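*Asks:* This structure is in structure tokens; I'll ask about it shortly.
There are 2 protein chains.
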Amino acid sequence: MSWLKRPVKGLLLDISGVLRDGDHVIPGSLEAVQRLQASGIPFRLVTNETQVTVEKTVEKLTKLGFTGICPSSIFAPAPAVAAHLRENSLRGYLLVHPNVLPQFEGVETTEPNCVVVGDAAEHFNYERLNQAFRVLLSLRDKEEPMRLFSLGKGRYYKEEDGLCLDLGPFTAALEYATGAQAQIFGKPNATFFQAALKDLSLSPEEVVMIGDDIVGDVGGAQGAGLRGVLVRTGKFRASDENHDTVKPDAIVDNLSQAVELIMNQNL
Amino acid sequence: MSWLKRPVKGLLLDISGVLRDGDHVIPGSLEAVQRLQASGIPFRLVTNETQVTVEKTVEKLTKLGFTGICPSSIFAPAPAVAAHLRENSLRGYLLVHPNVLPQFEGVETTEPNCVVVGDAAEHFNYERLNQAFRVLLSLRDKEEPMRLFSLGKGRYYKEEDGLCLDLGPFTAALEYATGAQAQIFGKPNATFFQAALKDLSLSPEEVVMIGDDIVGDVGGAQGAGLRGVLVRTGKFRASDENHDTVKPDAIVDNLSQAVELIMNQNL
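From first to last, the protein sequence lines stand for chains H and S. Position in the first sequence (first residue = 1) + 523 = my numbering. Position in the second sequence (first residue = 1) + 523 = my numbering.
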């Protein structure tokens, strides 16, 4: 298998659709993570989840039986953009879900000079979108850049009662209204993968990303120089195997099979 | 003046920014309309107003002193799209302002197979956008065209408390989420101008459009083969005089001046 010709020194794993599907563990994933932890191959979790804090994500994983995972090993867009705002002393208009607000502790929100769009779901409304729009236009009027930061660019996702609009359409609305172009935090942005690589102290060629999203996970990782492996779980669809633009380095049934192959190779 | 070399046999007038500005008559417009009515030069009003019915528009104009204007002489996107739905027996999911709903009398709304986006303003919310989104995806699933009709494509407009998002950004959001491309009813769509021309029984070369929107009014009219005259009232900005793509056939101070010039020419 050509994707294993180069040794795998570290892994990046998506959470939703790889470790769990909603409130259910994907069969074999619990054991696969335990094998990785026992083997000493380092891994990080990279997720575009923007409705909760990484602490809540750990809590949820722990409940499902995934142990030994700490918040600092999870890379999510909200803490990434919050760090960007703090480092650059930017004051944010936070159009995000209330559940993720704790992630923005220490970020100034008075007299905002940038807009952050997360998956606010039912908290998206005309008034808040209008406020975000006015912040961007006020920047334009001051001849400052219209800083619009988006925690991903997803079109929609599946909830129990059907498909739901993700944050991407709302970012597109603000782009259309203002002419600004959003800077994306999260997958498939290369910067996002690089932050996780830096934390692993590994180079892109040494690391494999495993995910269920052909574009966000596999294409994104490949764009950052990593190998990208697609699993046939989560949002995977048969048509992904013949995607127009993204060719995964490998397609496996699930995380368990990917880890099995890597273990055999690394013996 | 070259734009008057060809006789002007009819006129199309924008309402907001040409006849009135909010609740105020634009100086000279009342007399200009009376002169037109006395002269026998036919005219129609073309507006992208989508928050009220044409009957309400007439009522508002009458209150300001504009008399002798009937609803059938006003061309607005909502009655145009409502007619399209009725003629094609389409069932609409109406994401529009409640005030404009009477315009959709006789349009079926159960089991919708198309989406109509108007300026719903504060009635835009996550739930309704999600419902519209699901209608479009259900059409895709049935391999039907994703019929998305938008009553214009404005980015924003001015209210007393500041700039406000128009319907365009919300149409853009649904386009981004679904991959559908909206069909625009209203200016600058050529079909919209053609309907008004047909009602005048005149050809495009015989008619002049007068408006304050360099792109929607002037560019739109020119695209449909009419002459387009820009007024320096309403939303006009000095930078419009050197617009990148649209060159008005003439720029005049206001409607009054345009009518004066046309009258002298038509003697």
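We put the CB at the ideal spot given by N, CA and C, even for glycine. Owing to the predicted nature of the structure, the values given are computational and were not obtained by experimental measurement.
(1) According to DSSP, which residues form a beta bridge with ALA773/S?
(2) Using only CA atoms, which one of GLU667/H, GLY540/H, SER595/H lies nearest to ASP740/H?
(3) Using beta-carbon positions only, say whether VAL730/H and LEU749/H come within less than 9 angstroms of one another.
(4) Buried or exposed: which applies to GLN497/H, given that a residue is buried once 16 or more other Cβ atoms fall within 10 Å of its Cβ?
(5) Using a Cβ-Cβ cut-off of 6 angstroms (strictly less than) and excluding sequence neighbours within five positions of GLU578/S, which residues of its own chain qualify?
(6) Rounding to the nearest angstrom, what Cα-Cα distance links ASN611/H and ALA781/H in this structure?
(7) Going along chain H, which residues have a C-beta under 8 angstroms from ALA705/S?
(8) Would a C-beta distance cut-off of 9 angstroms place PRO530/H and GLN788/H closer than the cut-off?
(9) Which residues bound the beta strand (DSSP E) around PHE566/H?
(10) At 3 residues or longer, what runs of the beta strand (DSSP E) sit wholly inside the region 601–628 of chain H?
(11) Run down chain H in chain order and give the residues with a C-beta less than 7 angstroms from the C-beta of ALA761/S.
(12) Closer than 8 angstroms by C-beta to THR651/S: which residues in its own chain qualify, once you throw out the five before and the five after it? Chain order, please.
(13) So, using beta-carbon positions, are GLY709/H and LEU753/H closer together than 9 angstroms?
(14) Would you kindly report the start and end of the unbroken beta strand (DSSP E) that includes SER732/H?
(15) Which residue's Cα is closest to the Cα of LEU470/H: VAL630/H, PHE598/H, CYS637/H, VAL638/H?
(16) Provide the residue span of the beta strand (DSSP E) that contains SER724/S, from first to last.
(17) By Cβ distance, which residues of its chain are closer than 6 angstroms to LYS721/S, with the 5 residues on each side in sequence left out?
(18) If you run the structure through DSSP and keep just helix, strand and coil, what is ILE549/S?
(19) Do VAL581/H and ILE592/H have their C-beta atoms within less than 9 angstroms of each other?
(20) Over the uninterrupted alpha helix (DSSP H) stretch that includes LEU674/S, give me the two end residues.
(21) Measure from the alpha carbon of ALA744/H to the alpha carbon of each residue in LEU535/H, ASP544/H, TRP526/H, then state which is nearest.
(22) What number of angstroms, rounded off, separates the C-alpha of PRO600/H from the C-alpha of HIS646/H?
(23) Specify the secondary structure class of GLU682/H as computed by DSSP and reduced to three states.
(24) Does THR694/H pass the burial test, meaning 16 or more other C-beta atoms within 10 Å, or should it be called exposed?
(25) Quick one: what's got a C-beta closer than 7 angstroms to GLY757/S's C-beta in the same chain, skipping five residues either side?
(26) Starting from VAL577/S, follow the alpha helix (DSSP H) in both directions and report where the run begins and ends.
(27) Closest to CYS687/H by C-alpha separation, out of ALA700/S, TYR680/S, GLY629/S, would be which residue?
(28) The alpha helix (DSSP H) that contains VAL541/S, what's its start and end?
(29) Tell me which residues share the same chain as PRO711/S and place their Cβ nearer than 7 angstroms to its Cβ, disregarding the 5 neighbours each side in the sequence.
(30) Straight-line CA distance for GLY685/H to HIS620/S?
(31) Report buried or exposed for SER762/H, applying the criterion of at least 16 other Cβ atoms within 10 angstroms of its Cβ.
(32) By the three-class DSSP mapping on this structure, what secondary structure does VAL741/S have?
(33) Our contact map puts GLY629/H next to ARG609/H with C-beta atoms below 8 angstroms; I'd like the distance itself, whole angstroms only.
(34) Please compile the residues from chain H whose C-beta is within a distance smaller than 8 angstroms of the C-beta of ASN653/S.
(35) Checking the sheet assignment: what are the DSSP bridge partners for ILE597/H?
(36) Does ALA773/H get closer than 9 angstroms to chain S when you measure Cβ to Cβ?
*Replies:* Result, derived from the coordinates:
(1) Residue numbering aside, residue 773/S sits at position 250 when the second sequence is read from its first letter. Its beta-bridge partners are VAL752/S.
(2) The sequence position of residue 740/H within the first sequence is 217, counting from 1. Of the candidates GLU667/H, GLY540/H, SER595/H, the residue whose Cα lies closest to the Cα of ASP740/H is GLY540/H.
(3) Here residue 730/H refers to the residue found at position 207 when the first sequence is read from its first residue. Here residue 749/H refers to the residue found at position 226 when the first sequence is read from its first residue. Between VAL730/H and LEU749/H, the gap from beta carbon to beta carbon is short of 9 angstroms.
(4) Residue 497/H lies beyond the residue range present for chain H, which begins at 524 and ends at 790; the question has no answer from this structure.
(5) Reading the second sequence from its first residue, position 55 is the one you call residue 578/S. PRO594.
(6) As a first step, residue 611/H must be located in the first sequence, where it is residue number 88. As a first step, residue 781/H must be located in the first sequence, where it is residue number 258. The straight-line gap from Cα to Cα measures roughly 39 angstroms.
(7) Within the second sequence, numbered from 1, the residue matching residue 705/S stands at position 182. For a Cβ distance threshold of 8 angstroms, nothing in chain H lies close to ALA705/S: the least Cβ distance comes to about 11 angstroms.
(8) The sequence position of residue 530/H within the first sequence is 7, counting from 1. The sequence position of residue 788/H within the first sequence is 265, counting from 1. Cβ distance < 9 angstroms, so PRO530/H and GLN788/H count as in contact.
(9) Here residue 566/H is taken as the residue at index 43 of the first sequence, counted from 1. Per DSSP, the continuous beta strand (DSSP E) segment holding PHE566/H begins and ends at 566–569.
(10) Segments of the beta strand (DSSP E) lying fully in the region 601–628 of chain H: 615–618.
(11) Taking the first residue of the second sequence as 1, we reach residue 761/S at position 238. By Cβ distance, chain H contributes nothing, its closest Cβ being about 16 angstroms from ALA761/S, past 7 angstroms.
(12) Counting from one through the second sequence, the residue named residue 651/S turns up at place 128. Correcting the residue type first, residue 651/S is Arg in the shown sequence and not Thr. Scanning its chain for C-beta atoms nearer than 8 angstroms, with the 5 sequence neighbours on each side dropped, one finds around ARG651/S the residues LEU618, ALA643, in chain order.
(13) The residue labelled residue 709/H in the question sits at position 186 within the first sequence. The residue labelled residue 753/H in the question sits at position 230 within the first sequence. No.
(14) Here residue 732/H refers to the residue found at position 209 of the first sequence. Correcting the residue identity first, residue 732/H is Met in this sequence and not Ser. Element bounds for MET732/H: 730–734.
(15) Limits of chain H in this structure are 524 at one end and 790 at the other, which puts residue 470/H out of reach.
(16) Locating residue 724/S in the second sequence gives position 201, counting from the first residue. Careful: SER724/S lies outside any beta strand (DSSP E) and carries neither H nor E.
(17) Locating residue 721/S in the second sequence gives position 198, where the first residue counts as 1. If we look at LYS721/S and ignore the five residues flanking it on each side, it has no Cβ neighbours.
(18) Residue mapping note: residue 549/S aligns to position 26 of the second sequence, counting from 1. Three-state DSSP puts ILE549/S in coil, outside helix and strand.
(19) Walking along the first sequence from the start, residue 581/H turns up at place 58. Walking along the first sequence from the start, residue 592/H turns up at place 69. Yes, the Cβ-Cβ distance between VAL581/H and ILE592/H is below 9 angstroms.
(20) For this step, residue 674/S is matched to residue 151 along the second sequence. No residue range can be given for LEU674/S, since it is assigned to no alpha helix (DSSP H) and is classified by DSSP as neither H nor E.
(21) For the purposes of this step, residue 744/H is taken as residue 221 along the first sequence, with counting starting at 1. If we check each option's Cα against that of ALA744/H, LEU535/H comes out closest.
(22) To locate residue 600/H, count along the first sequence from 1; it is residue 77. To locate residue 646/H, count along the first sequence from 1; it is residue 123. Computed Cα separation, rounded: 18 angstroms.
(23) What you label residue 682/H is simply residue 159 of the first sequence in a count that begins at 1. GLU682/H: strand per DSSP, three-state reduction.
(24) As a working mapping, residue 694/H is identified with position 171 in the first sequence. Under this definition THR694/H is a buried residue.
(25) Within the second sequence, the letter at position 234 stands for residue 757/S. Counting only Cβ-Cβ distances below 7 angstroms, and skipping sequence neighbours, we find SER539, GLY540, VAL541, ASP544, ASP735.
(26) Numbered from 1 along the second sequence, position 54 holds the residue referred to as residue 577/S. Unbroken alpha helix (DSSP H) run through VAL577/S: 577–587.
(27) On the first sequence, residue 687/H is found 164 positions in, with the first residue counted as 1. When ALA700/S, TYR680/S, GLY629/S are compared, the shortest CA-CA separation from CYS687/H is found for ALA700/S.
(28) Counting from 1 along the second sequence, the entry for residue 541/S is found at position 18. Premise fails: VAL541/S is in no alpha helix (DSSP H) and is neither H nor E.
(29) As a working mapping, residue 711/S is identified with position 188 in the second sequence. Within the same chain, PRO711/S has close Cβ partners VAL738, GLY739, GLY742, GLY743, GLY746.
(30) Within the first sequence, residue 685/H is the residue found at index 162, counting from 1. Within the second sequence, residue 620/S is the residue found at index 97, counting from 1. The straight-line gap from Cα to Cα measures roughly 26 angstroms.
(31) Here residue 762/H refers to the residue found at position 239 when the first sequence is read from its first residue. SER762/H should be labelled exposed.
(32) Counted from its first residue, the second sequence places residue 741/S at position 218. The answer is helix: DSSP assigns VAL741/S an H, G or I state.
(33) The residue labelled residue 629/H in the question sits at position 106 within the first sequence. The residue labelled residue 609/H in the question sits at position 86 within the first sequence. Taking C-beta atoms under 8 angstroms as the contact rule, GLY629/H and ARG609/H qualify, at a distance of about 6 angstroms.
(34) Taking the first residue of the second sequence as position 1, residue 653/S is located at position 130. The answer, in chain order, is CYS687, LEU688.
(35) Position 74 of the first sequence, counted from the start, is the residue given in the question as residue 597/H. DSSP lists LEU568/H as the bridge partner or partners of ILE597/H.
(36) Along the first sequence, one-based indexing puts residue 773/H at 250. No, ALA773/H does not count as interfacial toward chain S.
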